[in-house]
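**Q**
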Amino acid sequence: MAAVTPLLSTRGLSRSFGGLRAVDEVDFDLPAGEIRAIIGPNGAGKTTFVGLICGRLAPSAGRVVFDGRDITGMPAHRRVRAGIAYTFQITSVFARLSAFDNVALSVQRRLLDAGAGRPGRARLEAGVDRALARVGLAGHAATLAGNLSYGHQRLLEVAMGLALEPRLLILDEPTQGLSDGEIAAFIALVREIAEDATVLLIEHNMHVVMELAGRITVMESGRILAEGEPAAIRADPAVQQAYLGG
Amino acid sequence: MRTDGLARIVALHLGLVLLLLALNWLLPEYHRGVFSRILVLAVFAMGYNVMFGYTGLLSLGHAMFFAAGLYGAGLTVYHLGWPAPAGFAAGLAAGLALALAVGVLALRTTGVAFMIVTLMFAQVIYLLTLYFTTYTRGEEGLVLAPEDRFIALPGAVLDPTDPSTRYLLALALFAAALAATVAIVRAPFGRTLVAIRENEERMRMLGYDVFANKLAAVAVSGVLCAAAGAAYALLFGYVGAGFASIQYSILPLLWVLLGGAATTLGPIVGTLAMFYVVDVTSGYTSAYLLVVGLALILLILYFPRGLVGTLRERWLPWLP
Numbered sequence: 004m005a006a007v008t009p010l011l012s013t014r015g016l017s018r019s020f021g022g023l024r025a026v027d028e029v030d031f032d033l034p035a036g037e038i039r040a041i042i043g044p045n046g047a048g049k050t051t052f053v054g055l056i057c058g059r060l061a062p063s064a065g066r067v068v069f070d071g072r073d074i075t076g077m078p079a080h081r082r083v084r085a086g087i088a089y090t091f092q093i094t095s096v097f098a099r100l101s102a103f104d105n106v107a108l109s110v111q112r113r114l115l116d117a118g119a120g121r122p123g124r125a126r127l128e129a130g131v132d133r134a135l136a137r138v139g140l141a142g143h144a145a146t147l148a149g150n151l152s153y154g155h156q157r158l159l160e161v162a163m164g165l166a167l168e169p170r171l172l173i174l175d176e177p178t179q180g181l182s183d184g185e186i187a188a189f190i191a192l193v194r195e196i197a198e199d200a201t202v203l204l205i206e207h208n209m210h211v212v213m214e215l216a217g218r219i220t221v222m223e224s225g226r227i228l229a230e231g232e233p234a235a236i237r238a239d240p241a242v243q244q245a246y247l248g249g
Numbered sequence: 002m003r004t005d006g007l008a009r010i011v012a013l014h015l016g017l018v019l020l021l022l023a024l025n026w027l028l029p030e031y032h033r034g035v036f037s038r039i040l041v042l043a044v045f046a047m048g049y050n051v052m053f054g055y056t057g058l059l060s061l062g063h064a065m066f067f068a069a070g071l072y073g074a075g076l077t078v079y080h081l082g083w084p085a086p087a088g089f090a091a092g093l094a095a096g097l098a099l100a101l102a103v104g105v106l107a108l109r110t111t112g113v114a115f116m117i118v119t120l121m122f123a124q125v126i127y128l129l130t131l132y133f134t135t136y137t138r139g140e141e142g143l144v145l146a147p148e149d150r151f152i153a154l155p156g157a158v159l160d161p162t163d164p165s166t167r168y169l170l171a172l173a174l175f176a177a178a179l180a181a182t183v184a185i186v187r188a189p190f191g192r193t194l195v196a197i198r199e200n201e202e203r204m205r206m207l208g209y210d211v212f213a214n215k216l217a218a219v220a221v222s223g224v225l226c227a228a229a230g231a232a233y234a235l236l237f238g239y240v241g242a243g244f245a246s247i248q249y250s251i252l253p254l255l256w257v258l259l260g261g262a263a264t265t266l267g268p269i270v271g272t273l274a275m276f277y278v279v280d281v282t283s284g285y286t287s288a289y290l291l292v293v294g295l296a297l298i299l300l301i302l303y304f305p306r307g308l309v310g311t312l313r314e315r316w317l318p319w320l321p
């Protein structure tokens, strides 16, 4: 295992906002095929950290390496094309477009990048249908995204990420605001996604984390506090301290 | 989007062009002249619509692109003796060059700052037309001689001073611009622009180069507006600084708002409606601008999506 190059790694990755070091010299490795959860109290720097990975934020220092390439200076849209998809913490769908059109933008991007010239209508529709079906929104293709229920908007967001066929899918608090039934379906969905993509998950719901994560990274005050398998993390006194208070 | 409706979209737009073609023989002389002008200015509005309607970039300086075409064609024909088609091409090239230059700089800003920056660039162009008054004759303008505007084709010479030829040339330009707009709107590029208008950050995180796409929209818009300007110079034979003034930056915005932003037919409907509201009311009162202003206020209050936009919203959701 040790010889395998990780799909994603960061070295000394830092980001300061004014005097606050939101992410502080983080060394992080994520092997391909894993489901990794990042947990930590509010303000621990989780969203900032994944923002640095997907290029929404520029780091103050450090490097990001994806699939053996240094992508630290690469703009966000090119990282997406390189295979890093990000779903937003705050639902960010195109409210005035139909669910179909939302996902079509992802499929169109992928088809354009595949270099097959202008994406044909049939392939576009097939790609959209497949992504919507995978998240269970097949019956809602024509609905305006803004008229979908909150849970369905979250799923649409995931479908847009999926349709890019990423190698690394970053989900930022995907189950926030979902009902218990929706969460159960979501867990099954992420397991299925993980069969052909690596998943990096920021999540507060410990049930979801324990169900899904192969390994857990715990962040606190911009640093990695602990990393390990779920059982070990649960038993770690430092984690209990950070999470539950002393 | 699923209900493709390509057939009826083509039928509608083709039908409109054929109707306008028939009007060449049906309209009284005065109205045919008015329509020639409207068709050219509708192309200006269509160019504006690509940026404002579809991409969500509110420019207050589009007179500069119209003027780039107008002077690009006018100066080369008047001073260099270029034949009309070469002058037209020079107008397009001037529009493209200006659009790329202004786009690269102005797109670094958004919102209100973008409006101000485009307004300022347009003022620069306007003042340049006055500064080089030796060549442009400023407000007074240049009048192109009829024979300089002839378009030589193999076996025929088109004379834009003939009202019928002029109308048909204006219609040909309009039809080409309309076809281009419909094609763009239905292409992946058009969907990309609309999505950027709706949620720029999301588009970036779907792997789209937002800046490059916006710049392309400015270029398309600039070229369409320059085509209108160049055609105006050649068809009507007058090139004056008035067309570079702030008034001609505001007019396409009003035409597009009136007709319906982000609709392919909004620009022609809005331009036509505005012209005839002015035409009819000025026959009754010298205070016609008061009536026009009132009409616009009512329109924005009750039909904020414009005439075609309201049609699409209420009854015809398939309109592109």
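In order, the protein sequences belong to chains S and L. Just so we're aligned: the first sequence equals residues 4 to 249 in our numbering. Just so we're aligned: the second sequence equals residues 2 to 321 in our numbering. Note that CB positions come from ideal geometry on N, CA and C, so glycine has one too. Quantities reported herein were computed from a predicted structural model and do not represent experimental measurements.
(1) So the alpha helix (DSSP H) valine 278 of chain L belongs to, where does it begin and stop?
(2) Does the Cβ of threonine 264 of chain L have 16 or more other Cβ atoms within 10 Å, making it buried, or fewer, making it exposed?
(3) Which residue's Cα is closest to the Cα of valine 11 of chain L: L/Ala176, L/Met275 and L/Val278?
(4) What residues in the region 199–223 of chain L have a beta carbon less than 8 Å from any beta carbon of chain S?
(5) Identify every run of the alpha helix (DSSP H) within the region 7–59 of chain S, keeping only runs that are complete inside it and at least 4 residues long; order them along the chain.
(6) Could you give the distance in angstroms between the alpha-carbon of glycine 249 of chain S and the alpha-carbon of aspartate 30 of chain S?
(7) Where do the N-terminal and C-terminal ends of the alpha helix (DSSP H) with glutamate 185 of chain S fall, by residue?
(8) Across the region 37–48 of chain S and the region 211–229 of chain S, are there enough close Cβ pairs to call them in contact, namely three or more that are closer than 8 Å?
(9) Measure the alpha-carbon distance for leucine 58 of chain L versus glycine 75 of chain L and round it to whole angstroms.
(10) How far does the alpha helix (DSSP H) with alanine 148 of chain S in it extend, from its first residue to its last?
(11) Any beta carbon of chain L sitting closer than 9 Å to that of valine 68 of chain S?
(12) In the DSSP assignment, find the alpha helix (DSSP H) that holds phenylalanine 69 of chain S and state where it starts and stops.
(13) Just verifying my parser: in three-state terms, what is the DSSP assignment at alanine 46 of chain L?
(14) Excluding the 5 residues flanking proline 321 of chain L on each side, which residues of the same chain have their C-beta closer than 7 Å to its C-beta?
(15) May I ask you to report which of helix, strand or coil DSSP gives glutamate 160 of chain S?
(16) At a CB distance below 7 Å, what residues from the region 13–47 of chain L approach chain S? Give them in sequence order.
(17) Would you give the residue range spanned by the alpha helix (DSSP H) that leucine 179 of chain L belongs to?
(18) Taking the CB atoms as reference points, tell me whether valine 193 of chain S and threonine 90 of chain S lie closer together than 9 Å.
(19) Determine whether the Cβ of threonine 130 of chain L lies closer than 9 Å to any Cβ atom of chain S.
(20) Under 6 Å Cβ to Cβ from alanine 61 of chain L, same chain only, skipping five residues before and after it: list those, please.
(21) Would you say alanine 23 of chain L and glycine 104 of chain L are within 9 Å of each other, going by their C-beta atoms?
(22) Could one say the Cβ of alanine 262 of chain L lies closer than 9 Å to chain S's Cβ atoms, at least one of them?
(23) Please tell me whether methionine 163 of chain S has its Cβ less than 9 Å away from any Cβ of chain L.
(24) Closer than 9 Å, CB to CB, is valine 83 of chain S near chain L or not?
(25) Ignore the nearest five residues each way along the sequence and tell me which others in alanine 232 of chain L's own chain have a CB closer than 6 Å to its CB.
(26) Is there a C-beta anywhere in chain S that falls below 9 Å from the one on valine 186 of chain L?
(27) Would threonine 272 of chain L and alanine 43 of chain L be called neighbours here (beta carbons separated by less than 9 Å)?
(28) Where proline 141 of chain L and isoleucine 247 of chain L are concerned, what is the direct C-alpha to C-alpha distance, given to the nearest angstrom?
(29) How about alanine 85 of chain L and aspartate 163 of chain L: do their beta carbons lie closer than 9 Å?
(30) Determine the closest residue to arginine 226 of chain S out of S/Pro177, S/Leu115, S/Met213 and S/Arg18, with distance taken between C-alpha atoms.
(31) Give me the residue from S/Gly36, S/Leu172, S/Ser95 and S/Pro62 with the minimum Cα distance to methionine 204 of chain L.
(32) Which of the three DSSP states is assigned to alanine 157 of chain L in this structure?
(33) Inspect the beta-carbon positions of valine 202 of chain S and isoleucine 38 of chain S and report whether they are closer than 9 Å.
(34) For serine 19 of chain S and chain L, any beta-carbon pair shorter than 9 Å?
(35) Within 10 angstroms of the Cβ of alanine 117 of chain S, are there 16 or more other Cβ atoms? Answer buried if so, exposed if not.
(36) Looking at chain L, which residues of the region 50–62 of chain S have a Cβ within less than 8 Å of any of its Cβ atoms?
**A** With the structure as the only source:
(1) As a working mapping, residue 278 of chain L is identified with position 277 in the second sequence. Where valine 278 of chain L is concerned, the enclosing alpha helix (DSSP H) stretches over 267–282.
(2) Here residue 264 of chain L corresponds to residue number 263 of the second sequence, with the count starting at 1. Buried: at least 16 other Cβ atoms inside 10 Å.
(3) As a first step, residue 11 of chain L is located in the second sequence; it is residue number 10 there, counting from the start. Cα-wise, what sits closest to valine 11 of chain L is L/Ala176.
(4) Glu199, Asn200, Glu202, Arg203, Met204, Arg205, Met206, Leu207, Gly208, Tyr209, Asp210 and Val211
(5) Secondary structure within the region 7–59 of chain S: the alpha helix (DSSP H) runs of 4 or more consecutive residues, fully enclosed, are 49–57 (chain order).
(6) Translated into the one-based positions of the first sequence, residue 249 of chain S becomes position 246. Translated into the one-based positions of the first sequence, residue 30 of chain S becomes position 27. No answer about glycine 249 of chain S holds up, because its pLDDT of 45 lies below 50 and its placement is not dependable.
(7) If you number the first sequence from 1, residue 185 of chain S lands on position 182. Note, glutamate 185 of chain S: alpha helix (DSSP H), 183–196.
(8) yes
(9) As a working mapping, residue 58 of chain L is identified with position 57 in the second sequence. As a working mapping, residue 75 of chain L is identified with position 74 in the second sequence. Going by the C-alpha atoms only, they are around 29 Å apart.
(10) As a position in the first sequence, residue 148 of chain S is number 145, starting the count at 1. Where alanine 148 of chain S is concerned, there is no enclosing alpha helix (DSSP H), given that its DSSP letter is neither H nor E.
(11) Position 65 of the first sequence holds residue 68 of chain S. So, not an interface residue.
(12) Counting from 1 along the first sequence, the entry for residue 69 of chain S is found at position 66. Looking at the DSSP string, phenylalanine 69 of chain S is not in any alpha helix (DSSP H); the run it does join, the beta strand (DSSP E), is 64–69.
(13) Here residue 46 of chain L corresponds to residue number 45 of the second sequence, with the count starting at 1. If DSSP states are grouped into helix, strand and coil, alanine 46 of chain L belongs with the helices.
(14) Start at 1 with the first residue of the second sequence, and residue 321 of chain L comes out as number 320. Excluding positions up to five away in sequence, the list reads Ile10, Val183, Val186, Arg187 and Thr265.
(15) Your numbering for residue 160 of chain S matches position 157 in the first sequence. Glutamate 160 of chain S: helix per DSSP, three-state reduction.
(16) The region 13–47 of chain L vs chain S, Cβ under 7 Å: nothing.
(17) On the second sequence, position 178 is the one that residue 179 of chain L refers to. Run containing leucine 179 of chain L: 164–187, per the alpha helix (DSSP H) assignment.
(18) By 1-based counting over the first sequence, the position of residue 193 of chain S is 190. By 1-based counting over the first sequence, the position of residue 90 of chain S is 87. Cβ distance not < 9 Å, so valine 193 of chain S and threonine 90 of chain S don't count as in contact.
(19) Within the second sequence, the letter at position 129 stands for residue 130 of chain L. For threonine 130 of chain L, the answer is no, since every Cβ of chain S falls outside 9 Å of its Cβ.
(20) By one-based count along the second sequence, residue 61 of chain L stands at place 60. Per the sequence presented here, residue 61 of chain L reads as leucine, with alanine not at that position. So the list reads Met116, Thr119, Leu120 and Ser250, once near-sequence residues are dropped.
(21) For this step, residue 23 of chain L is matched to residue 22 along the second sequence. For this step, residue 104 of chain L is matched to residue 103 along the second sequence. No. Outside cutoff.
(22) What you label residue 262 of chain L is simply residue 261 of the second sequence in a count that begins at 1. False, the Cβ-Cβ gap to chain S never drops below 9 Å.
(23) Counted from its first residue, the first sequence places residue 163 of chain S at position 160. With 9 Å as the cut-off, methionine 163 of chain S counts as an interface residue toward chain L.
(24) By 1-based counting over the first sequence, the position of residue 83 of chain S is 80. So yes, valine 83 of chain S belongs to the interface.
(25) Translated into positions along the second sequence, residue 232 of chain L becomes position 231. The beta carbon of alanine 232 of chain L is closer than 6 Å to those of Val41 and Leu174 in its chain, skipping five residues each way along the sequence.
(26) On the second sequence, residue 186 of chain L is found 185 positions in, with the first residue counted as 1. For valine 186 of chain L, the answer is no, since every Cβ of chain S falls outside 9 Å of its Cβ.
(27) In the second sequence, the residue the question calls residue 272 of chain L occupies position 271. In the second sequence, the residue the question calls residue 43 of chain L occupies position 42. Yes, these two residues count as a Cβ contact at 9 Å.
(28) As a working note, residue 141 of chain L is residue 140 in the second sequence. As a working note, residue 247 of chain L is residue 246 in the second sequence. This sequence places glutamate at residue 141 of chain L; proline is not what is there. Each residue's alpha carbon lies about 17 Å from the other.
(29) Looking up residue 85 of chain L in the second sequence gives position 84. Looking up residue 163 of chain L in the second sequence gives position 162. No, the Cβ-Cβ distance between alanine 85 of chain L and aspartate 163 of chain L is not below 9 Å.
(30) Position 223 of the first sequence, counted from the first residue, corresponds to residue 226 of chain S. Checking every option, the nearest Cα to that of arginine 226 of chain S belongs to S/Arg18.
(31) Within the second sequence, the letter at position 203 stands for residue 204 of chain L. Ranking S/Gly36, S/Leu172, S/Ser95 and S/Pro62 by Cα distance to methionine 204 of chain L puts S/Ser95 first.
(32) Numbered from 1 along the second sequence, position 156 holds the residue referred to as residue 157 of chain L. In the structure shown, alanine 157 of chain L sits in a strand (DSSP, three-state: E or B).
(33) Position 199 of the first sequence holds residue 202 of chain S. Position 35 of the first sequence holds residue 38 of chain S. Yes, these two residues count as a Cβ contact at 9 Å.
(34) Position 16 of the first sequence holds residue 19 of chain S. No, its Cβ sits nowhere closer than 9 Å to a Cβ of chain L.
(35) One-based indexing of the first sequence puts residue 117 of chain S at position 114. Exposed: under 16 other Cβ atoms inside 10 Å.
(36) Cys57 and Arg59
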